[in-house]
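Worksheet: one structure, shown below.
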Amino acid sequence: WKRSADVPYPSVWHRFSAKDPQTGDTLQFRVQDLPEERFDEALGMMVEHFLRDEPMCGSRKCHEDPRSIADYSQVWRKVFQDKLSLVCFREGSDEINGLNFLKITQKDFEEEPVVYGKDVNDVLLAMDFIGAKGNLYERYQVDKFINGYGLLVPPKFRGLKLGVEILKARIPLGRALGLKLTSTVFSNRSSQSAATRAGFEDNIEITWEDLKNNPPYKDFPIEGTPSVKLQIMRLD
Numbered sequence: 497w498k499r500s501a502d503v504p505y506p507s508v509w510h511r512f513s514a515k516d517p518q519t520g521d522t523l524q525f526r527v528q529d530l531p532e533e534r535f536d537e538a539l540g541m542m543v544e545h546f547l548r549d550e551p552m553c554g555s556r557k558c559h560e561d562p563r564s565i566a567d568y569s570q571v572w573r574k575v576f577q578d579k580l581s582l583v584c585f586r587e588g589s590d591e592i593n594g595l596n597f598l599k600i601t602q603k604d605f606e607e608e609p610v611v612y613g614k615d616v617n618d619v620l621l622a623m624d625f626i627g628a629k630g631n632l633y634e635r636y637q638v639d640k641f642i643n644g645y646g647l648l649v650p651p652k653f654r655g656l657k658l659g660v661e662i663l664k665a666r667i668p669l670g671r672a673l674g675l676k677l678t679s680t681v682f683s684n685r686s687s688q689s690a691a692t693r694a695g696f697e698d699n700i701e702i703t704w705e706d707l708k709n710n711p712p713y714k715d716f717p718i719e720g721t722p723s724v725k726l727q728i729m730r731l732d
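Going by the working numbering, the first residue of the sequence shown is number 497, and it counts up by one from there.
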């Protein structure tokens, strides 16, 4: 899959306002394509915050493991190639307020095999297993969809519900590109809730205990979020 040259890059996909819970001020934001010149900065933020805060990665302490950091950096650099990832800016500022790494997943397309360390391999295997259980191609009659590879709102910008608005931006993005479905494995209660508010539906829900005691037999000692969900949103 390749992004159509008819869809300008980078484009702004969504504008919205949010009230600052500290001051009561109404702030203006935009969600747009992540520009190439911000890839490295975005990657650094995901390593710093996402690998610690995402439950599966956090339970394996991926943020403290050089191999896991290198593996995830490799995964995300591949994600960047699709030029679908989104960034949230406050109007009048170029400081990154939020990110969503996105890539196309296609039917009958096999990625070249890559050898990852055990922890990253376990996370990716679990996510692939959950995604496959969703049976998305047959259930929704599509041959490709927008897949999420990480949603992040840095700690200093949390409380503004930016995650909900970033997720909503997938709708105009997908429609502009002629895509009918988006899907993500959400493993954190806060991101699951944000996805629901943005218009996602639950497709599959699996408890961490079931993931441990049944195939793929992967153990993630997680507290605070009882289950992992595959959530989808139709874009047409």
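Glycine is no exception: its CB is placed at the ideal position from the N, C-alpha and C atoms.
First through last residue of the beta strand (DSSP E) which encompasses residue i
{"i": "L523", "result": "T522 to D529"}
{"i": "Q577", "result": "Q577 -> no beta strand (DSSP E), and no H or E assigned at all."}
{"i": "D706", "result": "Segment W704 to N709 is the alpha helix (DSSP H) holding D706; no beta strand (DSSP E) there."}
{"i": "R730", "result": "S723 to R730"}
{"i": "L675", "result": "That residue, L675, is in no beta strand (DSSP E); it is neither H nor E in DSSP."}
Bounding residues of the alpha helix (DSSP H) (the contiguous stretch that carries residue i)
{"i": "S555", "result": "P551 to S555"}
{"i": "Q518", "result": "Premise fails: Q518 is in no alpha helix (DSSP H) and is neither H nor E."}
{"i": "F463", "result": "Residue 463 falls outside the range modelled here, since the chain spans only 497 to 732, and no answer is possible."}
{"i": "G659", "result": "L658 to K664"}
Rounded separation between residue i and residue j - CA only
{"i": "Y633", "j": "Q518", "result": "44 Å"}
{"i": "K640", "j": "Q602", "result": "4 Å"}
{"i": "H545", "j": "A501", "result": "33 Å"}
{"i": "L656", "j": "K515", "result": "7 Å"}
{"i": "P576", "j": "P717", "result": "The sequence given here has Phe at residue 576, not Pro. Cα to Cα, the separation comes out at about 30 Å."}
{"i": "R526", "j": "K557", "result": "33 Å"}
{"i": "D549", "j": "R730", "result": "27 Å"}
{"i": "T678", "j": "E606", "result": "19 Å"}
{"i": "E705", "j": "D715", "result": "8 Å"}
{"i": "L669", "j": "K498", "result": "14 Å"}
Secondary structure of residue i, DSSP reduced to three states
{"i": "S513", "result": "strand"}
{"i": "R586", "result": "strand"}
{"i": "Y633", "result": "helix"}
{"i": "G670", "result": "helix"}
{"i": "F597", "result": "strand"}
{"i": "I565", "result": "helix"}
{"i": "E608", "result": "coil"}
Cβ separation of residue i and residue j, assumed to be a contact under 8 Å, to the nearest whole Å
{"i": "V724", "j": "V681", "result": "6 Å"}
{"i": "V619", "j": "C553", "result": "6 Å"}
{"i": "Y636", "j": "D567", "result": "The Cβ separation is near 30 Å, so there is no contact."}
Near the ligand MN: residue i beta-carbon under 8 Å from a heavy atom
{"i": "A538", "result": "Only the bare structure without any ligand can be found here, which leaves the ligand MN out of the picture."}
Requested in this report: Give a yes or no on contact between the region 647-658 and the region 592-611, applying the rule of three or more CB pairs nearer than 8 Å.
Outcome: Contact between the region 647-658 and the region 592-611 is present, because at least three Cβ pairs lie under 8 Å.
Report task. For the region 528-542 and the region 696-715, state whether three or more C-beta atom pairs, one from each stretch, are separated by less than 8 Å. Result -> Because the criterion of three Cβ pairs below 8 Å is not met, the region 528-542 and the region 696-715 do not touch.
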